[in-house]
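Asker:
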Amino acid sequence: MKTLLLLLGAAGVLAACSEKSPTPAAAPSAAAAPAMAPAPQASPPGAMGAAPATTPANSAGVRSIPLSIQGVASAGVTVRVKNIELGEDATVLKVSISYASRIASSTTMALTDTFLEDEKGHRLMLKRPESNRDLSIRDGDTMDGELVFLGAVAPGTTTLKLVFNESNQPDNVAGPGLVMQLPLPPRS
Numbered sequence: 234m235k236t237l238l239l240l241l242g243a244a245g246v247l248a249a250c251s252e253k254s255p256t257p258a259a260a261p262s263a264a265a266a267p268a269m270a271p272a273p274q275a276s277p278p279g280a281m282g283a284a285p286a287t288t289p290a291n292s293a294g295v296r297s298i299p300l301s302i303q304g305v306a307s308a309g310v311t312v313r314v315k316n317i318e319l320g321e322d323a324t325v326l327k328v329s330i331s332y333a334s335r336i337a338s339s340t341t342m343a344l345t346d347t348f349l350e351d352e353k354g355h356r357l358m359l360k361r362p363e364s365n366r367d368l369s370i371r372d373g374d375t376m377d378g379e380l381v382f383l384g385a386v387a388p389g390t391t392t393l394k395l396v397f398n399e400s401n402q403p404d405n406v407a408g409p410g411l412v413m414q415l416p417l418p419p420r421s
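So for the sequence shown, the numbering used here puts the first residue at 234; every next one is plus one.
#1: Tell whether a beta-carbon distance below 9 Å holds between Gly408 and Met342.
#2: Here's a check: name, in chain order, each residue in its chain whose Cβ is nearer than 6 Å to the Cβ of Arg356, leaving out the five neighbours to either side.
#3: Can you tell me where the beta strand (DSSP E) holding Asp377 begins and where it ends?
#4: Helix, strand or coil for Gly294, going by three-state DSSP, please let me know.
#5: Can you tell me which of Val312, Val305, Asn316 and Val310 puts its alpha carbon nearest to the alpha carbon of Pro418?
#6: Using only CA atoms, which one of Gly354, Arg420 and Ser334 lies nearest to Val310?
#7: Please go through the region 342-367 and give each complete beta strand (DSSP E) segment of 3 or more residues, from N-terminal end onward.
#8: Which of the three DSSP states, helix, strand or coil, is assigned to Ala308?
#9: Where does Ile323 sit, in a helix, a strand or coil, going by DSSP?
#10: Assuming Pro418 is part of the beta strand (DSSP E), what are its boundary residues?
#11: How about Asn401 and Leu326: do their beta carbons lie closer than 9 Å?
#12: Under the DSSP definition of a beta bridge, which residues are partnered with Arg335?
#13: Asn316 by DSSP, collapsed to three states: which one?
#14: Measuring only the C-alpha atoms, how far is Val312 from Glu321?
#15: Which partner residues does Val412 have in the DSSP bridge list?
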């Protein structure tokens with residue numbers, strides 16, 4: 234008799250293990266295969282890079298806060314922050330970034346330093362995605378994804394400042410500067 238044990242791993246991968254009995258078992262028929270659900274497929278990373286997967290082991294220290302905050306730079310950029318995850322090793326923002334301009338065909342949102350800053354001036358720097366290190370975006374496009382900032386937000390922090398392209402002006406078409414205030418509600 235053959236026993237089938239399914240394990241769901243941290244990455245959502247389905248694996249099968251079997252234990253064989255001393256007597257040979259008949260090979261499974263093709264009709265038996267549909268009874269087992271297919272393994273979940275990992276979604277491709279967003280244009281900005283994907284954050285580490287939240288697993289039961291590391292989700293205990295993660296605080297997720299829904300937000301609906303929009304910032305606009307006069308160069309034609311609109312940034313919407315939809316959610317923030319305050320983790321033990323990283324802070325992750327779920328964002329949507331759109332660009333529309335008649336002046337330049339593309340722009341970059343991380344041409345210079347891009348970071349989160351708390352009230353005391355502590356900065357969490359952007360972990361630049363390998364596939365789009367400067368967060369380039371073309372005219373007429375929208376990028377939906379997660380921005381990962383290295384480090385944890387200090388307990389008691391009530392506001393974070395999200396800074397794109399530090400020291401650049403909002404009308405800089407190569408890399409528009411944009412500063413957004415992100416309020417953090419107290420823990421309940």
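Note that the Cβ used here is the ideal one computed from N, Cα and C, for glycine as well.
Answerer: Quick answer:
#1: By the CB criterion at 9 Å, Gly408 and Met342 fall inside the cutoff.
#2: Correct list, in chain order: Phe348 and Glu350.
#3: Thr375 to Leu383
#4: helix
#5: Asn316
#6: Ser334
#7: 348-350 and 356-358
#8: coil
#9: Reading the sequence as shown, one finds Ala at residue 323 and not Ile. Three-state DSSP puts Ala323 in a strand.
#10: Pro418 -> no beta strand (DSSP E), and no H or E assigned at all.
#11: no
#12: In DSSP, Arg335 forms no bridge with anything.
#13: strand
#14: 25 Å
#15: In DSSP, Val412 forms a bridge with Val396.
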